[in-house]
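As structure tokens, the structure follows; a few thoughts come after it.
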Amino acid sequence: MNEELVRTQYVIMQLLRKNKATNCIRGMTAIELSEQEGRNKPNTLYKHIKILEKRNLVESGVKVERANSYYINELGLELLKKYDDMEEEKNGYNNEC
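Note that numbering that gives the first Met the number 0 numbers the sequence shown so that position 50 is 49, with each residue one more than the last.
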């Protein structure tokens, strides 16, 4: 599986983690994510969420009124940790110069 994320997918996963949307009860809708992200419309985020779902990084939670909610699962959290570690490594090298 290709582990590369596009920026929007990374931001979605970061927002889910930041808001503790890590189980089916605490999930967030595409509209809630869009309001916090502030850049993309819910439909755009929904398309990226579906890609993340196919990659088993995000799962569908309970319904919020008529909308599905989504949460980041363990595999998604592990991938974010890898990205965080890569960022720390990159920043560490930049600080030494």
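Virtual Cβ for every residue (Gly too), placed ideally from N, Cα, C. Being a predicted model, the structure only gives us computed values, none of them experimental.
Rounded separation between residue i and residue j - CA only
{"i": "E95", "j": "L32", "result": "Any reading at E95 needs caution, since the residue's pLDDT is 49, under 50, leaving its predicted position unreliable; the model's value is listed next. Computed Cα separation, rounded: 36 Å."}
{"i": "K49", "j": "N72", "result": "14 Å"}
{"i": "G91", "j": "E64", "result": "45 Å"}
{"i": "Y45", "j": "N18", "result": "18 Å"}
{"i": "K53", "j": "L15", "result": "17 Å"}
{"i": "L79", "j": "M85", "result": "10 Å"}
Sequence-distant residues of its chain with Cβ nearer than 8 Å to residue i (five each side left out)
{"i": "I24", "result": "G60, V61"}
{"i": "A66", "result": "T28, A29, I30"}
Bounding residues of the alpha helix (DSSP H) (the contiguous stretch that carries residue i)
{"i": "N42", "result": "41 to 53"}
Cβ neighbours of residue i in the same chain (closer than 6 Å, five flanking residues each side left out)
{"i": "T7", "result": "H47"}
{"i": "A20", "result": "G26, M27, Y70"}
{"i": "K89", "result": "none"}
Cβ-based burial, residue i [other Cβ within 10 Å; buried from 16]
{"i": "G37", "result": "exposed"}
{"i": "M12", "result": "buried"}
{"i": "V57", "result": "buried"}
For residue i, the three-state DSSP class (helix, strand or coil)
{"i": "I24", "result": "coil"}
{"i": "N67", "result": "strand"}
{"i": "C96", "result": "Summary for C96: the model assigns pLDDT 44, below 50, so the residue's position carries little reliability; its value from the coordinates is reported in the next sentence. In the structure shown, C96 sits in coil (DSSP, three-state: anything other than H, G, I, E or B)."}
{"i": "I4", "result": "First, the residue type needs correcting, since residue 4 is Leu and not Ile in the sequence shown. Coil."}
{"i": "K179", "result": "No information on residue 179 is available, as it lies outside the stretch 0 to 96 that the chain covers here."}
{"i": "N72", "result": "coil"}
{"i": "E87", "result": "helix"}
Start-to-end residues for the beta strand (DSSP E) that takes in residue i
{"i": "E58", "result": "57 to 63"}
Own chain partners of residue i with C-beta closer than 7 Å, once the 5 adjacent residues on each side are dropped
{"i": "N22", "result": "Y70"}
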